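Numbering (my numbering), first residue to last: 124 to 266.
Positions of the beta carbon are idealized from the N, C-alpha and C atoms, including for glycine.
Computed from a prediction, not measured in an experiment: that's the story for all the values here.
Below, the structure is given as structure tokens:
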């Protein structure tokens, strides 16, 4: 019995070290994806004079491109990760709808919703279609 307990404790120690080494994995993925989205948008809109990003996920728009006081581009980045057989959960769907509404309510001339895989792109396309919002372009960062 003691050997099994020691083995399980050893496993716990291993995963504790792994967790510390990885840290906030979702936060790192989101931060990198926001940077890629900003670079992608800055190539599409080279005349935008000021870019702002919110690299940590939160309540703000992830990427904003401005000229003076006018918002030219606004983008949200969704880095939802799920297994192949999983579908979007109700909380994820709710957050996506909130992001769509947030983008829709901005004065930006161009609006983007970025995702990081085609499975989520397909699911989010359905949510976007059902929202009735037509002026948001859905883009997979890996396409």
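List the DSSP bridge partners of residue i.
{"i": "residue 188", "result": "174, 196"}
{"i": "residue 262", "result": "237"}
Leaving out five residues on either side along the sequence, give the residues of the same chain with a beta carbon under 8 Å from the beta carbon of residue i.
{"i": "residue 165", "result": "171, 174, 188"}
{"i": "residue 194", "result": "187, 188, 229, 230, 231, 232"}
{"i": "residue 190", "result": "170, 171, 172, 173"}
CB residue i to CB residue j, shorter than 8 Å?
{"i": "residue 234", "j": "residue 253", "result": "no"}
{"i": "residue 196", "j": "residue 168", "result": "yes"}
{"i": "residue 157", "j": "residue 185", "result": "yes"}
{"i": "residue 222", "j": "residue 199", "result": "yes"}
{"i": "residue 261", "j": "residue 244", "result": "yes"}
Could you have a look at residue i and say whether DSSP puts it in helix, strand or coil?
{"i": "residue 157", "result": "helix"}
{"i": "residue 237", "result": "strand"}
{"i": "residue 143", "result": "helix"}
{"i": "residue 242", "result": "helix"}
{"i": "residue 137", "result": "helix"}
{"i": "residue 230", "result": "coil"}
{"i": "residue 126", "result": "helix"}
{"i": "residue 248", "result": "helix"}
{"i": "residue 183", "result": "coil"}
Taking only heavy atoms of the ligand HEM into account, decide whether any of them is closer than 7 Å to the Cβ of residue i.
{"i": "residue 241", "result": "In the structure on display, the ligand HEM does not appear, and there are no ligands present to speak of."}
Can you list, in chain order, the residues of its chain with a C-beta nearer than 7 Å to that of residue i? Leave out the 5 residues immediately preceding and following it.
{"i": "residue 219", "result": "201, 247, 250"}
Next on the checklist: Using a Cβ distance threshold of 8 Å, determine whether the region 147 to 167 contacts the region 224 to 231, with at least three qualifying pairs required.
Outcome noted: Touching, no.
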